[in-house]
Every structure is written in C-alpha cells, then in structure tokens.
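Residue numbers (UniProt numbering), protein chains in the order written: chain Y, 1 to 654; chain C, 1 to 110.
Glycine is no exception: its CB is placed at the ideal position from the N, C-alpha and C atoms.
Just so it is clear, the structure is predicted and the values come from calculations on it, not from any experiment.
One structure is given here, and the rest of the page talks about it.
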Amino acid sequence: MSENHDESSNDLNLVENGIQLALDPNLITLPLHGSVSSPLTNAPNSNAQTSENGNPDQMDVDSEPAQGNNNAGQSLINNPYGLFGQMPLEHLIPLVLQQKGPGFKFADLSEDALEEEIEKDKSGGDEDARPDLMDVDPSENQVEEVPPEAVEEDNQETTKDGEKEEETITQEQFVRMRREMVEHINIAMNESSLALEFLSLLLSSVRESVALSSMSPFLKKIVPVASLNSDRVSSEPKTVEDQLTMQVIDRGWKIRCLNESRTLLKENHSMLEEKLKNEHRYWKKISQYISNKDVIFKLRDKSTGLRSLGVKYGYEDSGSTYRLDRGVAILKTNPETNTLELVPITGENSPSPHNEKFIRIRIFTKIEFEDDYILSGESSVDNVFLNSDSSGKKDQEDIRSQIEKLKALIFEQELMYQLRRECAQLISYGVTIENEKKVVIELPNEKFEIELVSLDDASVVNHEQDAPKINDRRANLMLITVRMLLVVMFKKNLRQRLTSSTRNSHLNVDKDILLIRPLLGKMRHQNYKLLLRKILKTHVLDVVETSTFSETVVHPPRHENADDVNLDIHIAKLNQEISTFDRLLTTCKTQFDVKLVNEDKLSLTLESPNYCNLAVRVLYQNASKNVSFDTRFSEFKEVEEILHFIVNEYIKKT
Amino acid sequence: MNNQALFEKLDQTTEILSTKLGELVKLASLDDAETSMGSVSTNGLLMVNSQTMQLVKGIQDLLALTRSIREKWLLNQIPEQGTADPEISQDPGQLESLLEKCMQEVLGDH
Chain Y
1 MSENHDESSN DLNLVENGIQ LALDPNLITL PLHGSVSSPL TNAPNSNAQT SENGNPDQMD
61 VDSEPAQGNN NAGQSLINNP YGLFGQMPLE HLIPLVLQQK GPGFKFADLS EDALEEEIEK
121 DKSGGDEDAR PDLMDVDPSE NQVEEVPPEA VEEDNQETTK DGEKEEETIT QEQFVRMRRE
181 MVEHINIAMN ESSLALEFLS LLLSSVRESV ALSSMSPFLK KIVPVASLNS DRVSSEPKTV
241 EDQLTMQVID RGWKIRCLNE SRTLLKENHS MLEEKLKNEH RYWKKISQYI SNKDVIFKLR
301 DKSTGLRSLG VKYGYEDSGS TYRLDRGVAI LKTNPETNTL ELVPITGENS PSPHNEKFIR
361 IRIFTKIEFE DDYILSGESS VDNVFLNSDS SGKKDQEDIR SQIEKLKALI FEQELMYQLR
421 RECAQLISYG VTIENEKKVV IELPNEKFEI ELVSLDDASV VNHEQDAPKI NDRRANLMLI
481 TVRMLLVVMF KKNLRQRLTS STRNSHLNVD KDILLIRPLL GKMRHQNYKL LLRKILKTHV
541 LDVVETSTFS ETVVHPPRHE NADDVNLDIH IAKLNQEIST FDRLLTTCKT QFDVKLVNED
601 KLSLTLESPN YCNLAVRVLY QNASKNVSFD TRFSEFKEVE EILHFIVNEY IKKT
Chain C
1 MNNQALFEKL DQTTEILSTK LGELVKLASL DDAETSMGSV STNGLLMVNS QTMQLVKGIQ
61 DLLALTRSIR EKWLLNQIPE QGTADPEISQ DPGQLESLLE KCMQEVLGDH
C-alpha cells in the first residue's frame with residue numbers, strides 16, 4: 001500500500017511536473033488513449049474497466065490528486081507523459097509507431113494530423129471524461145462509504161496494483177531482462193558449442209570422419225584435426241623419487257651434450273692441428289726458398305677456392321712482351337705427396353700447357369761433293385731442365401729450382417716465339433721454318449736447326465750416350481748468344497719503358513727483334529770475307545807482285561752517351577749493359593787495305609747492311625795519275641771486274 | 001689489415017675465447033638449482049653446443065690471423081739494399097771480349 005502510494009505520489013509529482021514542464025501533456029496522452037498494447041495506455045483502459053466494474057480502488061488512489069487539481073481534468077490523472085517524458089526517444093518512437101499500427105511511418109506524423117486527432121479525441125474524450133468523472137465521484141463516495149472493506153480490497157488492490165505495476169514497469173525491465181536472457185542463451189549456446197568442439201576435437205583423433213561432421217569450420221581451419229588427445233593425468237605433487245628421476249634425466253642430458261661438445265672440440269682440435277702443421281710446413285718452405293727477388297702475390301686457387309700465393313716467374317716485369325703465357329704459378333701443397341709445388345696457371349691461349357720444352361740447336365755440316373748433311377754439333381740440355389728430372393728426388397721440395405725451371409721454360413718458349421717471328425722475314429736469306437716448328441738456317445756449307453724439343457723427347461733422353469761431336473761447342477755458344485740477345489731485347493724494352501711513357505707491348509719485327517740476324521749477318525759476312533779475300537788474291541795479289549794486304553775489322557764508333565751522367569742509375573746501367581752487345585748487334589764492316597809498291601791506295605770495305613746484304617766499296621787513289629775511284633757494289637762479280645780493271649789499267653802500268 | 005687492426009682482432013678473438021670457455025665451464029657444472037626444469041637442460045644443451053662452436057670458430061680465426069700476418073710478412077718484405085750479387089761481376093769490357101771470342105768460335109774463325 002505504502003509502495004503503491006509512493007508510486008502514485010510519484011506519479012502525481014510527475015504529473016505536476018509534467019504539467020509545469022509540458023506545454024500540452026494531452027498532446028501525448030490523448031492519442032495514446034485508444035492503444036491496447038502499451039501498459040501505460042492500459043491505465044485508462046483499466047480505468048474504464050474499473051469504471052465498468054465499478055471498482056473504486058483506482059479512484060481511491062487517484063481521488064486525492066483529482067480532488068486537488070480538479071481543473072486539471074481527470075484525463076490527466078493517468079497522463080503517461082511523466083513516463084513518456086522520461087523515456088528516451090529510441091523507446092518512444094517505436095511505441096508511437098506501435099500505437100499507430102502497422103504501415104505507419106514516423107515521418108508521416110505531422111502536426112496537422114495530430115491536431116485533427118486531438119480534436120477527434122476531444123469530442124469523444126469529453127464524452128468519455130464525463131462518465132469518468134461520474135464514475136469517480138461515486139467511487140469516491142464508495143470509498144468513503146465502504147471503509148471496512150478497505151483492507152480486503154487493499155489486498156486485492158495490491159495484487160491488482162502488483163499486476164498493474166508489473167505491467168507498467170516491465171517495459172524497461174522487460175527489455176533488460178530479455179536482453180539478459182538472450183545473453184544467457186547465447187552464452188549457453190557458446191558454451192555448449194565449445195563443449196561440442198572440444199569433444200569433436202578429442203574424438204577426431206579416434207574417429208575423424210565422425211568428429212569432422214560436428215566440428216565448426218573455424219575450428220577446422222585453425223586447429224589441425226586430431227591434434228588433441230586425452231589422457232588421465234594425475235596432478236599429484238612430485239614425489240622425491242620423481243624429482244630425483246628428473247635430476248638424473250637432466251644430468252644425463254647435460255653429460256650427453258658435454259660429451260658431444262668434447263668430441264666436437266676434439267675433432268676440431270685434431271683437424272686444426274693438422275692444418276696448422278701443414279700451414280707451418282708451407283710457410284717454413286716459403287721462408288726457406290722464396291727470396292725477396294721473387295714476385296709474390298696473393299691469389300685465390302680457382303680449383304679449390306682457397307687462399308693461396310702466386311709466384312710470377314714470367315719475365316713480363318723484366319721487359320718481356322710475351323703474352324701467350326703470363327708466367328704465373330700457384331704455390332700449393334700437393335695433397336698426395338704432401339710437398340710444396342708450383343703449379344703454373346695456364347692461360348686459355350697459352351700454346352702448349354704443361355709442356356716442358358727447351359731449345360736445341362743442331363749444326364749440320366755439308367758433306368763435300370754430296371748433297372747431304374751430317375750432324376756435327378748439338379747444343380746440350382741445360383742443367384736447369386735436368387735438375388728436377390734426374391736428381392729431382394732428393395730436392396723435390398726445392399721451390400727455388402722449380403721456379404728456375406719454370407723461368408727457363410718460359411724463356412725458351414718466348415725465345416722460340418720471337419725467333420719464329422723474325423724468321424718470317426728472312427726467307428730470302430735461307431732461313432725457313434720447317435714443319436711449323438723448326439727454324440732452319442741454311443748457309444752454303446752448313447745448316448743450323450733451331451728447334452723446341454720436349455724434355456722427354458727420345459733424342460734428348462738418349463743424349464747422354466751420344467759421343468761428343470766437333471761442333472757441340474759451337475752449337476752451345478750459338479744458343480747462349482741467342483739467349484743473350486733475347487735478354488738484350490728485354491733490356492731495350494725495359495729501358496724504353498723507363499725513359500718514355502709509351503709502352504711498347506708489341507715488338508716491331510724489323511727493328512726490335514734481333515736474334516738470328518746478328519748471328520746470320522756475322523756468318524754471312526764471314527763468308528763474304530772469305531770470298532773477297534779470294535778475289536783479292538786472284539785479281540790483285542797474284543797479279544801485282546810485292547803487294548800485301550791487311551784486313552781490319554771496323555767497329556762502329558762507340559757512341560758515348562753524354563747524358564749518362566744525368567740519367568737514373570738504373571737506366572745508365574741498362575745503357576751500359578746494352579752497349580756491351582753493340583758489336584754483336586751492329587752490322588759488320590771489314591776493311592781490306594792492299595799495300596802497293598807506290599803510294600797508291602787500294603782499299604775495299606765490306607759491309608753488310610741490314611745484317612745480311614752485301615755491299616763492297618772499292619776505293620782507289622792514284623796520286624800520280626790523279627785517278628780515284630770510289631764505287632759501291634752489291635755483287636762480287638762487279639767487284640772482280642772493277643778490280644781487274646783497276647789492276648790492269650793503273651797498277652800494272654806503273 | 002694494418003697492425004692496429006691485427007692487434008684488435010687478436011684481442012677480440014682472445015676475449016671471445018676466454019669468455020666462451022668460461023661459459024662452457026659454467027654450463028658444465030651440475031647445479032641443482034638449475035636442474036629443476038627439464039627445459040633448462042635442453043637449453044643448456046643448445047648453449048653448450050653453440051659455445052663449443054664459437055670456441056672452435058675463435059681458434060679458426062686465430063689461424064686465419066696468423067695466416068694473414070704471414071702473408072703480410074711475405075708481401076711486405078723490404079728489399080735488401082745493394083742487391084748486387086758479388087758472383088756476377090759486371091765488367092763490360094770482359095763481357096765484350098768474351099762475346100767476341102764466342103762469336104769467333106761460332107763462326108769457326110780461329
């Protein structure tokens with residue numbers, strides 16, 4: 001009752017407030033009159049019911065305010081504005097829509113339509129209000145009239161009021177409760193589906209197809225099938241025994257890994273020790289054999305990819321222009337023999353890779369009255385080449401000798417290469433290349449063969465047994481001379497590099513390669529001399545009595561370089577070294593002076609321009625007859641004729 | 001690598017070696033507190049392995065270091081002064097006359 005009363009007074013207050021605040025509470029209440037669903041709109045209905053039933057309880061509640069505010073009109077007693085006013089719009093609008101019935105849009109709600117409705121309701125409402133008022137009054141009276149029933153009726157009232165309250169309040173509660181209920185249902189569903197998923201997953205390890213049918217796609221996606229298993233795990237506290245077992249296992253693991261570590265260290269130790277030994281040996285040998293004159297550089301072994309050292313044994317830095325073999329070797333340990341080896345790196349275009357060849361000169365002498373030659377001399381094999389072959393066993397690791405050998409080999413290769421280049425120009429002087437590898441120099445009574453011979457050639461291997469021949473020494477000397485001439489070529493090239501900035505990478509055959517020509521020139525000159533002597537003898541000495549002749553070799557004037565003093569010490573040294581070979585390199589010149597009885601002078605100068613050609617200059621001066629000849633000839637026939645002429649015309653006549 | 005870098009490398013490597021060895025010894029101890037969990041020992045297993053490997057690596061580095069020092073020595077040898085070999089006498093006059101003689105012999109002109 002008190003609660004009821006509170007509520008009603010609340011209502012009253014609300015109504016009062018509503019009146020004060022609202023412009024026109026009827027605006028809201030009146031249209032709600034006809035609605036059935038809303039609990040609030042039920043109020044008037046119940047009112048009507050009460051009025052119909054003649055129930056005065058309602059009146060009892062509402063009478064007081066009605067009495068207090070008579071002018072406010074009874075229609076306002078249950079004015080739901082208080083409630084509606086408190087309601088948020090999102091609740092109010094659906095209510096309005098609900099009241100208006102289906103098919104009504106809130107947007108269609110216009111002021112005019114509402115006013116019209118209000119008018120309509122007013123006309124009806126007034127009629128309604130009348131009976132209401134009529135009802136109220138008697139009910140009021142009834143209340144007063146029937147006080148003893150009040151308690152009982154109060155009870156009834158409470159129940160009715162309870163119903164009424166439920167109906168009035170559950171609107172918000174209902175929504176809340178419904179929401180809560182939905183939530184709970186959701187949770188329950190979720191839980192149950194989780195349980196199902198769990199079971200399915202658990203089952204999936206046993207009966208996959210069955211389990212799959214009840215698994216959600218999400219689960220299937222994120223968890224592998226049959227990834228869950230179950231077992232009964234007793235979560236008993238660890239016993240001492242367990243802990244001990246655990247410790248034992250731990251220690252077992254530890255010992256195992258320590259053992260592994262030990263073996264690892266041991267293996268690596270032995271491996272590295274071996275490596276260290278090898279390295280030590282390697283470097284010991286290097287320090288033993290490699291001097292600071294060797295050209296050493298870092299290199300990466302192409303076959304193994306290891307860091308290694310390279311040795312340059314080629315003569316590139318010494319003035320060589322030979323590019324077919326760059327003369328680079330790699331220093332490495334032979335894994336089989338465990339010895340240090342120099343392995344030449346053969347370029348792509350190097351002529352004969354790993355071919356140990358040396359130059360051999362053979363001299364053939366012509367057999368008289370026969371068109372045949374006999375081998376009369378052969379150059380010997382240099383010790384350098386034999387070293388590592390015959391006596392190599394004890395000295396196998398001597399890098400020094402290996403370097404020497406490689407150096408000698410590449411030198412021989414280059415020498416042959418340059419000889420062949422020079423040769424191509426000397427065909428007219430009897431120099432030919434036979435079989436593309438042998439240089440043959442033919443002279444009237446001798447033949448020289450220069451040839452690159454492999455070290456394991458049969459003729460070389462059996463060389464030791466050969467009896468020494470008469471021209472062996474000559475052949476050796478020739479070979480040495482040719483080699484020295486190549487060195488002079490290097491030196492000239494080096495000098496040029498030092499003095500001028502331009503690098504002559506390709507030698508000019510005409511000017512720079514002087515190997516055969518100086519030798520050949522000398523030999524031919526020698527032959528010319530012999531011929532000229534003969535001519536002189538037959539045409540002058542034998543004819544003119546008491547005449548003698550002297551022969552002098554004319555050396556070219558030594559050109560003293562005045563600049564030498566200012567030159568760099570190395571260039572000066574080079575100059576000196578080159579000039580030592582001047583006599584060998586310059587063309588020969590021999591002067592024949594014939595001593596005649598009177599003051600007449602006859603002299604012949606034999607020259608070999610371009611090393612191999614012939615030029616004879618005949619000079620005759622006769623003071624008494626005032627005759628002088630100074631003529632050059634390039635053929636001996638002409639020389640003979642002129643000598644004959646001079647002798648007959650001038651010398652004999654005196 | 002210059003000397004400074006070599007020294008630094010040496011210091012670094014020895015430092016690594018000593019620390020790794022120390023850690024290895026520490027790991028090798030059977031400490032009861034440590035063995036409470038199974039995972040610790042498996043971790044320890046990995047640790048021991050990696051420390052060992054690093055030890056080995058350090059030694060290899062040292063080897064490489066000695067190698068580079070040796071290369072440095074070899075490639076930076078200071079050429080000796082006055083390299084003139086006493087055996088090879090540089091007498092141009094003598095050489096010239098020898099050449100002359102040689103040529104005469106070659107020509108067979110005695």
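Check, Outcome
"Mind listing which residues of the region 242 to 258 of chain Y have their C-beta closer than 8 Å to chain C's C-betas, in chain order?", "M246, Q247, I249, D250, R251, W253, K254, R256, C257, L258"
"What are the start and end residues of each continuous beta strand (DSSP E) run of 3 or more residues lying completely inside the region 603 to 634 of chain Y, in chain order?", "615 to 622, 627 to 633"
"Verify whether the separation of the beta carbon atoms of I69 (chain C) and L6 (chain C) is less than 8 Å.", "yes"
"Shortest alpha-carbon distance to K220 (chain Y) belongs to which of Y:E551, Y:D231, Y:L202?", "Y:L202"
"Let's see if you can read the secondary structure: which residues bound the beta strand (DSSP E) around Q591 (chain Y)?", "589 to 595"
"Please list, in chain order, the chain C residues whose beta carbon lies closer than 8 Å to that of residue 682 (chain Y).", "Outside the shown range of chain Y, which is 1 to 654, sits residue 682 (chain Y), and nothing can be said about it."
"Is it buried or exposed, M181 (chain Y), if we count other Cβ atoms within 10 angstroms and call 16 or more buried?", "exposed"
"Please look up how many angstroms separate the CB atoms of I403 (chain Y) and R474 (chain Y), rounded, as I've assumed it's under 8 Å.", "About 31 Å separates the two Cβ atoms, so there is no contact after all."
"Restricting to runs no shorter than 4 residues, where is the alpha helix (DSSP H) found entirely within the region 203 to 273 of chain Y?", "208 to 214, 217 to 222"
"Quick check: T52 (chain C) and L24 (chain C), are their CB atoms within less than 8 Å of each other?", "yes"
"Contact between the region 255 to 266 of chain Y and the region 288 to 302 of chain Y: three or more CB pairs below 8 Å?", "no"
"Cutting at 8 Å between CB atoms, please list the residues of its own chain near V210 (chain Y), excluding the five before and the five after it.", "L203"
"Helix, strand or coil: how does DSSP classify T333 (chain Y) here?", "strand"
"Among the candidates Y:E341, Y:E267, Y:E640, whose CA atom is the shortest distance from the CA of I286 (chain Y)?", "Y:E341"
"Have a look at Q4 (chain C) and L272 (chain Y) and give me their C-alpha separation to the nearest angstrom.", "26 Å"
"Would you decide whether I374 (chain Y) is buried or exposed? Buried here means 16 or more other CB atoms lie within 10 Å of its CB.", "exposed"
"With a threshold of 8 Å between beta-carbons, can N268 (chain Y) be considered close to chain C, or not?", "yes"
"Can you grab the Cα-Cα spacing for the pair A188 (chain Y) / L114 (chain Y), in whole Å?", "47 Å"
"Do the region 12 to 19 of chain C and the region 58 to 65 of chain C meet, that is, are 3 or more Cβ pairs less than 8 Å apart?", "yes"
"Would you list the residues sitting across from H310 (chain Y) in a DSSP beta bridge?", "A small correction: the amino acid at residue 310 (chain Y) is Gly; His does not occupy that position in the sequence shown. Paired residues: Y:F297, Y:I330."
"Chain Y partners of V48 (chain C), CB-CB under 7 Å?", "C257, L258, S261"
"Can you check DSSP and say which residues form a bridge with S550 (chain Y)?", "Y:D593"
"Out of Y:L265, Y:E356, Y:A424, point me to the one whose CA is closest to Q413 (chain Y)'s CA.", "Y:E356"
"K104 (chain Y) lies in the beta strand (DSSP E); which residues open and close that run?", "The amino acid occupying residue 104 (chain Y) in the given sequence is Phe; Lys does not appear at that position. Element bounds for F104 (chain Y): n/a, residue is neither H nor E."
"Could you check whether the Cβ of T13 (chain C) sits closer than 8 Å to any Cβ belonging to chain Y?", "no"
"Tell me whether I374 (chain Y) sits in a helix, a strand or coil according to DSSP, three-state version.", "strand"
"Spell out the partners DSSP gives R360 (chain Y) in its beta bridges.", "Y:E451"
"Using 10 angstroms around the beta-carbon of E451 (chain Y), count the other beta-carbons present and answer buried if the total reaches 16, otherwise exposed.", "buried"
"Report the rounded CA-to-CA distance for V482 (chain Y) versus L584 (chain Y), giving the unit in angstroms.", "11 Å"
"Starting from V106 (chain C), trace the alpha helix (DSSP H) both ways and give me its first and last residue.", "92 to 107"
"Measuring only between beta-carbons, confirm whether M523 (chain Y) sits less than 8 Å from chain D.", "The structure shown contains no chain D; its protein chains are Y and C."
"Could you name the residues that DSSP lists as bridge partners for V431 (chain Y)?", "Y:I441"
"So that I know if they touch, is there some Cβ in chain C lying closer than 8 Å to that of R583 (chain Y)?", "yes"
"Is any heavy atom in the ligand ATP found nearer than 7 Å to the beta carbon of L258 (chain Y)?", "Among the components of this structure there are no ligands whatsoever, and the ligand ATP is therefore not found."
"So for T339 (chain Y), helix, strand or coil by DSSP?", "strand"
"Can you tell me which residues form a DSSP beta bridge with E446 (chain Y)?", "Y:T365"
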